[in-house]
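J.: Provided herewith is a single structure, encoded as structure tokens, for subsequent inquiry.
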Amino acid sequence: MPAAVANSLAAVDFCVEQVPGVHKTTDLPDAKSGILAKAVELKVRGCGVIGLACTGFSTLRIAPYLEDVLGIPVVDPVLAMGAVLSVLCGNGYKDKGVINGALGVTQTDPTTTCRKEGA
């Protein structure tokens, strides 16, 4: 798990699990039953939210399926990133350095900005 993710979750209980047999993104299409089994296991162990940590899960569009089956929120990593960027940019953070700064990286290149259209 990247340190930035672990740091952002420091105040909550969380665990990191891997789907058996999945070692790279190309393993995912054949692992849907294993993904479901791991998600069910997490729910049984008391997990109230599942955060998918591989963008390949987004490609599979598996989060809505898992939510329907489990009845708990499942966070798609690509949609989550888009939501965070949308909130940050919508709240006046115009400099990309602010977004990267949240991840522990300082970058203030004035040519890389997230500005609202027409702003």
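In our numbering, the protein residues as written are 108 to 226.
Note that CB positions come from ideal geometry on N, CA and C, so glycine has one too.
Values in this document were obtained by computation on a predicted structure and should not be read as measured data.
According to DSSP, simplified to helix, strand and coil, what is residue 178?
T.: coil
J.: Can you tell me whether residue 163 is buried or exposed, with buried defined as 16 or more other CB within 10 angstroms of its CB?
T.: buried
J.: Go ahead and pull the three-state DSSP assignment for residue 157.
T.: strand
J.: Under a three-way DSSP split, which group does residue 196 fall into?
T.: helix
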